[in-house]
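Residue numbers (the numbering used here), protein chains in the order written: chain A, 1 to 248; chain B, 1 to 248. C-beta atoms are modelled at their ideal positions from N, C-alpha and C, and glycine is treated no differently. Take a look at the structure set out below.
Protein chains: 2
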Amino acid sequence: MNPLENIRIVLVDPKYAGNIGSICRVMMNMGITDLALVSPGEHLDWAEARKLAYKAEDLLDRIQRFQTLEEAVADCTVVAGTSARTGFYRDHAYLPREIAPVVLDSAAHHKAALVFGREDKGLFNEEIAVCTHIINIPSSELYRSLNLSHAVMICCYELFLLANDASYKPPEEGSPEADGAMRERLYEAWSAMMLETGFCEIEKLEHMMLGLRRILSRGKLTENDTKILLGLAKQSRWCAAQLQKKKK
Amino acid sequence: MNPLENIRIVLVDPKYAGNIGSICRVMMNMGITDLALVSPGEHLDWAEARKLAYKAEDLLDRIQRFQTLEEAVADCTVVAGTSARTGFYRDHAYLPREIAPVVLDSAAHHKAALVFGREDKGLFNEEIAVCTHIINIPSSELYRSLNLSHAVMICCYELFLLANDASYKPPEEGSPEADGAMRERLYEAWSAMMLETGFCEIEKLEHMMLGLRRILSRGKLTENDTKILLGLAKQSRWCAAQLQKKKK
Chain A
1 MNPLENIRIV LVDPKYAGNI GSICRVMMNM GITDLALVSP GEHLDWAEAR KLAYKAEDLL
61 DRIQRFQTLE EAVADCTVVA GTSARTGFYR DHAYLPREIA PVVLDSAAHH KAALVFGRED
121 KGLFNEEIAV CTHIINIPSS ELYRSLNLSH AVMICCYELF LLANDASYKP PEEGSPEADG
181 AMRERLYEAW SAMMLETGFC EIEKLEHMML GLRRILSRGK LTENDTKILL GLAKQSRWCA
241 AQLQKKKK
Chain B
1 MNPLENIRIV LVDPKYAGNI GSICRVMMNM GITDLALVSP GEHLDWAEAR KLAYKAEDLL
61 DRIQRFQTLE EAVADCTVVA GTSARTGFYR DHAYLPREIA PVVLDSAAHH KAALVFGRED
121 KGLFNEEIAV CTHIINIPSS ELYRSLNLSH AVMICCYELF LLANDASYKP PEEGSPEADG
181 AMRERLYEAW SAMMLETGFC EIEKLEHMML GLRRILSRGK LTENDTKILL GLAKQSRWCA
241 AQLQKKKK
């Protein structure tokens, strides 16, 4: 199948309906048709969205809505979130041209997502945590911040070019990759392990988990990898529980 | 100097002020600050433009206005016009990634222009004729036509990436290149030569000149080249005039 059909654009809490409409057009221009919104505002001007989705209204009508980013990407393997900021586990960022083969290779066999944050505040740390990769769109020091639809355009343009590059060959399917839902189960188990074994205090947990998510996202995480890591957490938690009993 | 500062974005007869505003932001994002309009409509909603130029209002205030495309690019060497159509001397089109080094090499020492047509009808043939190069932005068969500001973004993004690529080195200045004004003098002289020598009828002239403009734009046209071609036209016209006298 065409890998572009496996790519979902996810907009988290967009504030301007015009941007949503423009993004529908941008996506169709670049052969990408799966658009999802996470907790969009209640007072969006959908007439404005329809005006700007000019000739791409079909995408607007097929938008999927989710309460949380976790739900929106539960079936996705690669989840690449855009961030203008760096630091605090936002390092190891990819350029749009660098992320394109990562996303496309995965989209040959799985759902993959590109995630874009609010127009004013971008993605929050707990949303960045859900992403397997971070994208940093290059821009001038004159004016760093791109309009949302233009940020989407640049990412989709790079994917479209690569997908239509005759020399690009998607990889054969290897071990199945873990999807968003499986990854979240893993991180829950590891959070519990870190607390129960006394590895860290609850106040440090969020910070520690952000780091761990970035470490485990540097390569592909297969279902088998995830099962091993889940098993390890289960065993450590069992030890911790036994120890607690002995202490009593 | 930074070659991006030598690049002018030219919008021919834009219909929606919102697009002009969005383009101001897009340009500043990509480090390009010279915007020109050719015969913009009289009823443009400049308040809308200002709204969308958010934090790039400075560019909006410095827009240059021209009556014709020839005037807007009179001081430019490379003039690259975007066209969604092909055929009728719109072949030999460049992709945005291919045109970037052509524009940037020229912008190291001269003014260069990227030209974008009307939202609905693009550039007319007589405007394409003024361009030295044609750009074709790749897009999906699902929906070929890009919003104007997104088309500008893709072209500016490729220029910005190349200008900031550490491995890119602008060329040393060679022979001075002919600018738009000099090229137009050449084409006028050649049009006269074609008619006066009886090479073609007036009905065929426009078609013939479009072909000739494309042929002469395939490489750099220096001032010296242009002087030779102007001299040739002058001499042929002299011969034709002498012949007319003899006939009387």
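Pairing residue 163(A) with residue 8(A) gives a Cβ-Cβ distance that is not under 9 Å. Checking the DSSP bridge columns, you'll see residue 36(B) partnered with 10(B) and 64(B).
Chain-ordered, the chain A residues with CB closer than 8 Å to the CB of residue 143(B) read 25, 28, 29, 55 and 56. Contact annotation: residue 84(A) and residue 145(A) have beta-carbon atoms nearer than 9 Å. The stretch 163-219 of chain B contains no complete beta strand (DSSP E) run of 3 or more residues. Taking the beta carbon of residue 153(A) as reference, the chain B residues within 8 Å of it are 150, 153 and 154, listed in sequence order. Residue state for residue 94(A) is assigned as strand, using DSSP reduced to three classes. As summarised for the stretch 122-157 of chain B, the continuous alpha helix (DSSP H) elements at least 4 residues long and confined to that stretch are 125-128, given in chain order. Under a criterion of Cβ atoms nearer than 7 Å, no residue of chain B is adjacent to residue 106(A); the nearest Cβ is some 20 Å distant.
Burial check for residue 116(B): the Cβ neighbour count within 10 Å reaches 16 or more, so the residue is buried. Per DSSP, reduced to three states, the secondary structure at residue 31(A) is coil, with no helix or strand assignment.
Shortest Cα-Cα distance from residue 186(A) to any of 173(A), 207(A), 216(A) and 165(A) involves 216(A). Contact of residue 159(B) with chain A by beta-carbon distance below 8 Å is absent, the smallest such distance being about 11 Å. Contacts between residue 146(A) and chain B, judged by CB atoms closer than 7 Å, involve 29 in chain order. Assignment of residue 73(A) by DSSP, reduced to helix, strand and coil, places it in the coil class. Listed in chain order, the non-local C-beta contacts of residue 192(A) below 8 Å within the same chain comprise 233 and 237, local neighbours out to five positions each way being set aside.
The alpha-carbon of residue 190(A) is positioned some 20 Å away from that of residue 71(A). Here residue 180(B) is not near residue 123(B), since their CB atoms are 9 Å or more apart.
Taking a contact as a CB-CB distance under 8 Å, the pair residue 114(A) and residue 10(A) counts as one, their CB atoms being some 7 Å apart.
Residue 166(B) is positioned such that its CB atom lies no closer than 9 Å to that of residue 135(B).
Using a CB distance cut-off of 9 Å, residue 97(B) counts as an interface residue toward chain A. With its beta carbon at least 9 Å from every one in chain A, residue 6(B) lies outside the interface.
One finds 138 in chain B with Cβ atoms closer than 8 Å to the Cβ of residue 164(A), taken in chain order. Cα atoms of residue 143(A) and residue 195(B): separation of roughly 52 Å, rounded to the nearest angstrom. Residue 148(A) is classed as buried because its beta carbon has at least 16 other beta carbons within 10 Å across all chains shown.
Straight-line spacing of the CA atoms in residue 213(B) and residue 129(B) works out to 7 Å. With distances taken between CA atoms, residue 159(A) lies nearest to 101(A) out of 37(A), 101(A) and 28(A). Segment contact: the stretch 170-177 of chain A against the stretch 54-71 of chain B, fewer than three CB-CB distances shorter than 8 Å; contact not assigned. As the crow flies, the alpha-carbon of residue 208(B) is around 20 Å from that of residue 225(B). Going by beta carbons, residue 26(A) and residue 152(A) fall inside the 9 Å limit. Under the three-state reduction of DSSP, residue 44(B) is assigned to coil, being neither helix nor strand.
The criterion of a C-beta distance shorter than 9 Å is satisfied by residue 97(A) and residue 161(B). Secondary structure at residue 100(A): helix, using DSSP grouped into helix, strand and coil.
Secondary structure of residue 80(B) (DSSP, three-state): strand. By the CB criterion at 9 Å, residue 30(B) and residue 56(B) fall outside the cutoff. A residue is called buried when at least 16 other Cβ atoms come within 10 angstroms of its Cβ; residue 154(A) meets this threshold and is buried.
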